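Counting with the UniProt record's numbering, you get residues 1 to 143 for the letters of the sequence shown.
Glycine residues also receive a C-beta, built at the ideal position from the N, C-alpha and C atoms.
These numbers were taken from a predicted model, which means no experiment stands behind them.
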Amino acid sequence: MAMVGNEGIVGVSVLLGSPQTMTQAIISGKGHAYRVSVKVLQNVLTRSEGRREGTLNKLLVGYMESLMIQMSQMAACNRRHRLENQLCTWLLLCSDYSSSNTLSHTHESISYILGVRRESITVVAKKLHEEGLISYSRGHIEL
């Protein structure tokens with residue numbers, strides 16, 4: 001799992017020559033998302049100063065490296081850190097990507113994204129609320 005904000009793309013495997021991507025994007029907040037076909041992206045990359053040397057290709061490869069680092073770190077954190085740490089990290093990333101301290105998520109949707117039971121999210125959210133770190137009500141979380 002990885003989080004992608006307005007700076008990134010989903011399906012970067014096409015940069016490596018894959019004819020299609022096996023990734024799935026789930027939009028979990030307000031905003032816009034654009035879909036570009038693999039063929040169109042490959043045509044743009046080919047025209048952009050040659051496939052390997054083009055500015056766009058260099059930017060996308062740099063982004064792909066950053067995304068791989070983020071996924072590796074999230075996998076390690078999900079294995080080694082308590083749920084409280086995972087939830088705090090996820091909330092901060094959501095806040096950063098949405099440029100808002102108010103998030104529209106239910107405990108159910110967060111549990112699905114983090115791969116844990118909803119009840120576990122409720123327990124941790126209650127603790128964070130009692131510590132004055134968040135407030136929440138019916139699908140809205142305020143950091």
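Please report the straight-line C-alpha distance between residue i and residue j, rounded to a whole angstrom.
{"i": "S120", "j": "R35", "result": "34 Å"}
{"i": "T89", "j": "M3", "result": "11 Å"}
{"i": "G54", "j": "L45", "result": "7 Å"}
{"i": "G17", "j": "V38", "result": "10 Å"}
{"i": "S100", "j": "P19", "result": "36 Å"}
{"i": "L143", "j": "N57", "result": "37 Å"}
{"i": "S72", "j": "T23", "result": "16 Å"}
{"i": "V40", "j": "S66", "result": "23 Å"}
{"i": "V116", "j": "A33", "result": "27 Å"}
Going by beta carbon distance, what residues of the same chain come within less than 6 Å of residue i, once the five residues before and after it are set aside?
{"i": "T106", "result": "G139"}
{"i": "L60", "result": "L15"}
Just reading off the beta strand (DSSP E) that residue i is part of, what are its end residues?
{"i": "H140", "result": "140 to 142"}
Taking residue i as the reference, which of the options has the closest Cα?
{"i": "T122", "options": "S111, W90, S100, S28", "result": "S111"}
{"i": "Q42", "options": "T21, I26, A33", "result": "T21"}
Start and end of the alpha helix (DSSP H) containing residue i?
{"i": "I135", "result": "Here residue 135 is Ser; the residue named in the question, Ile, does not match the sequence. No alpha helix (DSSP H) contains S135, which is instead part of the beta strand (DSSP E) from 135 to 137."}
{"i": "Y34", "result": "Neither: Y34 is in no alpha helix (DSSP H) and is coded neither H nor E."}
Take residue i and list the residues in its own chain whose beta-carbon comes closer than 7 Å to its own, dropping the five residues that flank it on each side.
{"i": "Q86", "result": "C77, N78, L114"}
{"i": "S137", "result": "none"}
Can you list, in chain order, the residues of its chain whose CB lies under 8 Å from that of residue i, leaving out five sequence neighbours each side?
{"i": "S28", "result": "C94, H105, S109, I113"}
{"i": "Y63", "result": "E7, G8, I9, V12"}
{"i": "V124", "result": "L83, E84, L87"}
{"i": "G31", "result": "N6, S98"}
{"i": "I134", "result": "L91, A125, L128, I141, E142, L143"}
For residue i, which beta-bridge partners are listed by DSSP?
{"i": "T55", "result": "In the DSSP output, where bridge partners are listed per residue, T55 has none listed."}
{"i": "L103", "result": "I141"}
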